[in-house]
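Colleague: For reference, the structure I am asking about is given below.
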Amino acid sequence: MKKLKIALIWKVLIACLLGCLLGRVLPVPAIRIFTTFNYIFSQYIGFMVPLIIIGLVTPAICRVGADAGKMLLFTIVLAYFSSILAGTFSYGVSVSAFPSLLDGVHMNIDKLESDTVNPFFTLDIPAVMNVTSALVLAILTGTLLTITGKGSLKNVIFDFEELVTKAISSTLVPLLPIYVFGIFLKMACVGDILPVLKVFAKIIAVIFAMSIVWLITVYCISGAISRSNPFKNIVSMLPAYLTALGTSSSAATIPVTLSCTRKCGVSEPVSNFSVPLCATIHMPGSMMKITACAITIMMLQGMPFSFDLILGFIMLESITAVAAPGVPGGVIMASLGVLSSVFGFDETGLALIVTLYIVMDSFGTACNVMSDGALALIVDKTFKKSA
Numbered sequence: 001m002k003k004l005k006i007a008l009i010w011k012v013l014i015a016c017l018l019g020c021l022l023g024r025v026l027p028v029p030a031i032r033i034f035t036t037f038n039y040i041f042s043q044y045i046g047f048m049v050p051l052i053i054i055g056l057v058t059p060a061i062c063r064v065g066a067d068a069g070k071m072l073l074f075t076i077v078l079a080y081f082s083s084i085l086a087g088t089f090s091y092g093v094s095v096s097a098f099p100s101l102l103d104g105v106h107m108n109i110d111k112l113e114s115d116t117v118n119p120f121f122t123l124d125i126p127a128v129m130n131v132t133s134a135l136v137l138a139i140l141t142g143t144l145l146t147i148t149g150k151g152s153l154k155n156v157i158f159d160f161e162e163l164v165t166k167a168i169s170s171t172l173v174p175l176l177p178i179y180v181f182g183i184f185l186k187m188a189c190v191g192d193i194l195p196v197l198k199v200f201a202k203i204i205a206v207i208f209a210m211s212i213v214w215l216i217t218v219y220c221i222s223g224a225i226s227r228s229n230p231f232k233n234i235v236s237m238l239p240a241y242l243t244a245l246g247t248s249s250s251a252a253t254i255p256v257t258l259s260c261t262r263k264c265g266v267s268e269p270v271s272n273f274s275v276p277l278c279a280t281i282h283m284p285g286s287m288m289k290i291t292a293c294a295i296t297i298m299m300l301q302g303m304p305f306s307f308d309l310i311l312g313f314i315m316l317e318s319i320t321a322v323a324a325p326g327v328p329g330g331v332i333m334a335s336l337g338v339l340s341s342v343f344g345f346d347e348t349g350l351a352l353i354v355t356l357y358i359v360m361d362s363f364g365t366a367c368n369v370m371s372d373g374a375l376a377l378i379v380d381k382t383f384k385k386s387a
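Dropping the structure here:
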């Protein structure tokens, strides 16, 4: 996992650099080859997104709903509220800070759609259903399977999950660097690339600072509720944070997270319950990243947006992000359909969001893991009171 994630980050960065450099020197026919690939690959992504949502959200709901009890319901609601709050916090910071950081930078969509760099040919691959239908079907199926307990159908769902996971890891993720390379190659060809790269560097710095502020805030809140020292708890959770930086996987970090939460004073039964569950359903770091990236691209493209629109996206994305926290590249892949359907992003916008997300992937995962410790403290204190 560690080798795969580090390799993916470096491949994306190299793809960005090569695209910027070669876009100025390669002949237009060569650039059109990659434009053709990108068109077909984007069609393939659109075809896969509903399948990803069904294949990953449905079994996730089955697993979460397998147990019953007040602690389960409380933890799910708390995790969902935390993810929504993180996305809302990201929106507030983004609309306040990004306009000055963008400093008049604008992506010329007309140039990017110039006939000179269009694909040689197009191949449309219609999706079997739209994103909303897939999400409703996944939630309904997962919920009904949890209620009825149909074991044979659950096995089919879990087998389908394996197929979707394999498709992500063997087809989508390995081809992402080529996809990113094609986007930056085209952008460099029409002359829009350097200002965008400067903006990206600023945005990444702001999102990292935002995650630090978020972690300090949630630990102060959990410390007040649990009547413990928040900064001592942060220090106790640092091994989990550093491990998540290396693995870029909440699931792979679970053993370290369990140990760290117990050092914070969380009881063993609560930590054994809440940490694995939150590793699946609690995504505040991912929500902050995706929200900030989406707002960045909308500002660059001059697209109108409002708080109501962003809040609707955050609430929907907080459900979708549950689908694939343990799948390399799964969160952003599962999110592309929501980003496209809610905001109407084109191929270029989605590719830029993928690039930003992957570059910051390990930091977002580390923020998710650290936040899990804060929630574990709240759950532990709440149910100690009720006991």
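Residue numbers (the working numbering): 1 to 387.
Ideal Cβ placement from N, Cα and C applies to all residues, glycine included.
Note that the coordinates shown come from a computational prediction; the quantities given were computed from them, not determined experimentally.
Measuring only the C-alpha atoms, how far is residue 18 from residue 222?
Modeller: Going from the Cα of residue 18 to the Cα of residue 222 covers about 45 Å.
Colleague: Quick one: measure Cβ to Cβ for residue 180 and residue 351, integer angstroms, because I've assumed they're closer than 8 Å.
Modeller: Indeed they touch by this definition, with Cβ atoms about 6 Å apart.
Colleague: From 182, 53, 207, pick the residue whose C-alpha is nearest to that of residue 133; which is it?
Modeller: Residue 133 has its Cα closest to that of 53, out of 182, 53, 207.
Colleague: Could you say which of 336, 342, 333, 295 lies nearest to residue 99 if we only look at CA atoms?
Modeller: Considering only alpha carbons, the answer is 295.
Colleague: Evaluate the contact criterion for the region 284-298 versus the region 79-93: three or more CB pairs, one atom per stretch, below 8 Å.
Modeller: Cβ pair count under 8 Å is three or more, so yes.
Colleague: Would you kindly report the start and end of the unbroken alpha helix (DSSP H) that includes residue 305?
Modeller: First-last for residue 305: undefined, no H or E at that position.
Colleague: Can you say whether residue 32 is buried or exposed, counting buried as having 16 or more other CB atoms within 10 angstroms of its CB?
Modeller: Residue 32 comes out buried.
Colleague: Can we count residue 93 as close to the ligand NAP, meaning its CB is less than 7 Å from some heavy atom?
Modeller: Questions concerning the ligand NAP fall outside what the structure shown contains, since it holds no ligand whatsoever.
Colleague: Residue 262 by DSSP, collapsed to three states: which one?
Modeller: Three-state result, residue 262: helix.
Colleague: Report the rounded CA-to-CA distance for residue 11 versus residue 269, giving the unit in angstroms.
Modeller: Their Cα atoms are separated by approximately 41 Å.
Colleague: Determine whether the beta carbon atoms of residue 266 and residue 376 lie at a separation below 8 Å.
Modeller: In this structure, residue 376 lies closer than 8 Å to residue 266 by Cβ.
Colleague: Give me the Cα-Cα distance between residue 253 and residue 363, rounded to the nearest whole angstrom.
Modeller: Cα to Cα, residue 253 sits roughly 13 Å from residue 363.
Colleague: When the Cα of residue 315 is compared with those of 81, 71, 39, which residue comes out closest?
Modeller: The shortest C-alpha separation from residue 315 is found at 81.
Colleague: Short check: CB of residue 183 to CB of residue 320, under 8 Å?
Modeller: It is not a contact, given that the beta carbons lie outside the stated cut-off.
Colleague: According to DSSP, simplified to helix, strand and coil, what is residue 123?
Modeller: Coil, per DSSP.
Colleague: Identify whether residue 103 lies in helix, strand or coil by the three-state DSSP scheme.
Modeller: Residue 103: coil per DSSP, three-state reduction.
Colleague: Buried or exposed for residue 358, going by 16 or more other Cβ atoms inside 10 Å?
Modeller: When all chains shown are included, residue 358 counts as buried.
Colleague: Is residue 283 helix, strand or coil when you go by DSSP?
Modeller: Of the three classes helix, strand and coil, the one that applies to residue 283 here is coil, per DSSP.
Colleague: Between residue 172 and residue 130, what straight-line distance do the alpha-carbon atoms span, to the nearest angstrom?
Modeller: Rounded to the nearest angstrom, the two C-alpha atoms are 19 Å apart.
Colleague: For a test of the three-state rule: what should DSSP assign to residue 346, helix, strand or coil?
Modeller: Coil, per DSSP.
Colleague: Under a three-way DSSP split, which group does residue 26 fall into?
Modeller: Three-state DSSP puts residue 26 in coil, outside helix and strand.
Colleague: Let's see if you can read the secondary structure: which residues bound the alpha helix (DSSP H) around residue 168?
Modeller: No alpha helix (DSSP H) contains residue 168, which DSSP labels as neither H nor E.
Colleague: With DSSP collapsed to three states, give me the class of residue 152.
Modeller: Helix.
Colleague: With distance defined between alpha-carbon atoms, name the residue in 213, 84, 58 nearest to residue 153.
Modeller: Nearest option by C-alpha distance: 58.
Colleague: Going by C-alpha to C-alpha distance, which of 262, 298, 226, 353 sits closest to residue 238?
Modeller: For the residues 262, 298, 226, 353, the minimum Cα distance to residue 238 belongs to 262.
Colleague: Distance, Cα to Cα, residue 43 vs residue 259?
Modeller: About 44 Å.
Colleague: Give me the Cα-Cα distance between residue 369 and residue 242, rounded to the nearest whole angstrom.
Modeller: If you take the alpha carbons of residue 369 and residue 242, they lie about 10 Å apart.
Colleague: By the DSSP assignment, the alpha helix (DSSP H) with residue 217 in it spans what residues?
Modeller: Element bounds for residue 217: 193-226.
Colleague: May I have the straight-line CA-CA distance separating residue 142 from residue 225, to the nearest angstrom?
Modeller: Computed Cα separation, rounded: 33 Å.
Colleague: Let me confirm a value: residue 233 is counted as buried when at least 16 other C-beta atoms fall within 10 Å, else exposed. Which label applies?
Modeller: So residue 233 counts as buried.
Colleague: I'd like to check one pair, residue 197 with residue 405: are the Cβ atoms closer than 8 Å?
Modeller: As displayed, the chain neither begins before 1 nor continues past 387, which places residue 405 out of reach and without an answer.
Colleague: How big is the Cα-Cα spacing for residue 193 and residue 200?
Modeller: Answer to the nearest angstrom: the Cα atoms are 11 Å apart.
Colleague: Answer with buried or exposed for residue 68, where buried requires no fewer than 16 other C-beta atoms within 10 angstroms of its C-beta.
Modeller: Low per-residue confidence applies at residue 68: pLDDT is 45, beneath 50, and the placement is therefore not dependable, though the value from the model is reported in the following sentence. Flag for residue 68 reads exposed.
Colleague: Assuming residue 203 and residue 292 are in contact, meaning their beta carbons sit under 8 Å apart, how far apart are those beta carbons, in whole angstroms?
Modeller: Contact flag correct, Cβ pair sits at about 7 Å.
Colleague: Write down the C-beta distance between residue 389 and residue 186 rounded to the nearest angstrom, noting that I regard them as a contact closer than 8 Å.
Modeller: Summary: the structure shown does not reach residue 389, with the chain confined to residues 1 through 387, and so no result is reported for it.
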